[in-house]
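A.B. asks:
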Amino acid sequence: MIRAGCILIVVLNEAIRATGSGGRRETQMHAQVITFGLNGITEEQFREACGADAPTFANLPGLLAKIWLRDPETNTYGGLYLWEDQEAYELYIKGEDFNAIKSDQNLKDVDSQLLARFSAGEPALM
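In this text, residue positions in the sequence shown follow my numbering: the first is 114, and each later residue adds one.
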């Protein structure tokens, strides 16, 4: 875990195993951005909840990295997710973990966008 200003970067060990040491995968990774606003909770309460949820994200199949996003001036929070492949991305957006985020009454205006598909060492396809 790395803290860089207002951004918390969580790089998971799976990212190293996915490519190996210098190895390349033929599947396309997927970059997804999820944003939302806080609704009736403080940022401190949100941070506590995020800490409690960290093991869930660490164990999501195919999640290579998550970068936390935070802009309290606009009440915008969320994350940039890097998925191993299309299957991992789809399992998440169709699964109970993402549905729990969408239905959490402490979050509002939950939005998910697939930003790019790309292979390691190649430019992202937007």
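Glycine included, C-beta positions come from ideal geometry on N, C-alpha and C. Note that the structure is a prediction, hence the values are computed from the model and not measured.
1) Compute every distance between the C-beta of Glu203 and the non-hydrogen atoms of the ligand SAM, then say whether any falls below 8 Å.
2) Please report the residue range of the alpha helix (DSSP H) in which Gly164 lies.
3) When the Cα atoms are used, what is the spatial distance from Asp166 to Arg160?
4) Determine the direct distance from the alpha carbon of Lys215 to that of Ala229, and round the result to whole angstroms.
5) Pull up the DSSP beta-bridge partners for Gly150, would you.
6) Figure out for me which residue from Phe149, Thr155, Glu197, Glu156 has the closest Cα to the Cα of His143.
7) Can you tell me whether DSSP reads Gln226 as helix, strand or coil?
C.D. replies: With the given structure in hand:
1) No copy of the ligand SAM occurs in the structure displayed, which carries no ligand at all.
2) As a working mapping, residue 164 is identified with position 51 in the sequence shown. 156 to 171 is the span of the alpha helix (DSSP H), which, as asked, contains Gly164.
3) Counting from one through the sequence shown, the residue named residue 166 turns up at place 53. Counting from one through the sequence shown, the residue named residue 160 turns up at place 47. Computed Cα separation, rounded: 10 Å.
4) By one-based count along the sequence shown, residue 229 stands at place 116. By one-based count along the sequence shown, residue 215 stands at place 102. Their Cα atoms are separated by approximately 22 Å.
5) Numbered from its first residue, the sequence shown carries residue 150 at position 37. DSSP, once it has assigned bridges, lists Lys221 as partnering Gly150.
6) Residue 143 sits at position 30 when you count from the first residue of the sequence shown. For His143, the nearest C-alpha among the options comes from Glu197.
7) Looking up residue 226 in the sequence shown gives position 113. Shown here, Gln226 sits in a strand according to DSSP, grouped into three states.
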